[in-house]
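Q:
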Amino acid sequence: MASSIKRAFDTGAENYDRGRRRLVPGFDDFYRAATDLIPFSPEREFTVLDLGAGTGLLSAFIAYSFPRARITMVDISDEMLAVARERFAPGGERFTFEIADYGEGHITGRYDAIVSALSIHHLTDAKKQMIYAQAFASLNEGGVLVNADQVRGESDATERRNHELWLQRVRQLGVGERDLAEALERMKYDRCAPLSAQLGWLRQAGFRDVDCAYQNLIFAVYSGIR
């Protein structure tokens, strides 16, 4: 499964950013909500781990809002990270990159914030829970986990409705058929879980102040504090 996901994202790396604004309705609110959940002042120097960083979209929002943050980006796709490396080249040592399947390994190091966008939903429910537990163990006291991701509807009927509305919305936004086809191909590997279940898993891992800050159809942004 991991190799199939890698191929799907390697293939779409060049065009991935182009379609984001049309494939994620409320794009700016989605990424801004994730950034706003980081509970530090803009002047503070702190460390961030971005799991499944892809081309670095979420890291770019964070880097802009927190100019002293030092960010490590991890992704299984070397093609995606190549785009991220080019994006952050002017930042020098402030940004580091690691090609790895974080769902199969352990989070190493200590961080003040662990973030992810549109990635953890590819993992099985058991691995989601494992990542949340590892993130809790790897955060410094007062650190935050933020996940901006796709979620499954709380019922089959809600899931069908949200997916159909999402398709209507992205077509209204003018998504290209090629970009939509690539997105639907990637979505074949989705293993989304309901938001309520994931908030529960964060609490079970030990997180406090667990909450959802944003939800729009199949997308949600939620967090917990160590």
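Under our numbering, the first residue of the sequence shown carries the number 243, and numbering increases by one thereafter. Ideal Cβ placement from N, Cα and C applies to all residues, glycine included. None of these values were measured; they are calculated from a predicted model.
Give the DSSP bridge partners of Tyr456, in chain order.
A: Position 214 of the sequence shown holds residue 456. In the DSSP output, where bridge partners are listed per residue, Tyr456 has Val463.
Q: Taking only three categories from DSSP, how would you classify Asp278?
A: Position 36 of the sequence shown, counted from the first residue, corresponds to residue 278. The answer is helix: DSSP assigns Asp278 an H, G or I state.
Q: So, is Tyr306 buried or exposed, given that buried needs 16 or more other C-beta atoms within 10 angstroms?
A: What you label residue 306 is simply residue 64 of the sequence shown in a count that begins at 1. It counts as exposed.
Q: Suppose you measure from the CA of Ser246 to the CA of Ala399; what does that come to, to the nearest Å?
A: Indexing the sequence shown from 1 puts residue 246 at position 4. Indexing the sequence shown from 1 puts residue 399 at position 157. With a pLDDT of only 47 at Ser246, under 50, the local geometry of the prediction cannot be trusted, and no value is derived from it.
Q: By the three-class DSSP mapping on this structure, what secondary structure does Tyr344 have?
A: For the purposes of this step, residue 344 is taken as the residue at position 102 of the sequence shown. If DSSP states are grouped into helix, strand and coil, Tyr344 belongs with the helices.
Q: Assuming Ile313 and Ile280 form a contact by the criterion Cβ under 8 Å, report the distance between their Cβ atoms to the nearest whole angstrom.
A: On the sequence shown, residue 313 is found 71 positions in, with the first residue counted as 1. On the sequence shown, residue 280 is found 38 positions in, with the first residue counted as 1. Ile313 to Ile280, Cβ: 11 Å. No contact.
Q: Taking contact to mean 3 or more Cβ pairs, one atom from each stretch, closer than 8 Å, check whether the stretch 389 to 396 and the stretch 317 to 328 are in contact.
A: Cβ pair count under 8 Å is below three, so no.
Q: Suppose contacts are defined by Cβ-Cβ distances below 8 Å. Is Gln446 in contact with Val393 by that definition?
A: Locating residue 446 in the sequence shown gives position 204, counting from the first residue. Locating residue 393 in the sequence shown gives position 151, counting from the first residue. No. Outside cutoff.
Q: From His531 to Cys434, what distance separates their C-alpha atoms?
A: This structure does not reach residue 531, given that the chain is present from 243 up to 468, and the question cannot be answered.
Q: Ignore the nearest five residues each way along the sequence and tell me which others in Ala379's own chain have a CB closer than 8 Å to its CB.
A: For this step, residue 379 is matched to residue 137 along the sequence shown. Contacts found: Ile349.
Q: Quick one: Cα of Ser465 to Cα of Gly347, how far?
A: One-based indexing of the sequence shown puts residue 465 at position 223. One-based indexing of the sequence shown puts residue 347 at position 105. Taking the straight line from one Cα to the other gives about 22 Å.
Q: What residue from Glu287, Ser358, Gly334 has the CA that sits closest to Leu299's CA?
A: Here residue 299 corresponds to residue number 57 of the sequence shown, with the count starting at 1. Closest option to Leu299, Cα to Cα, is Ser358.
Q: If we count the other Cβ atoms within 10 Å of its Cβ and call it buried at 16 or more, is Arg420 buried or exposed?
A: Numbered from 1 along the sequence shown, position 178 holds the residue referred to as residue 420. Label assigned to Arg420: exposed.
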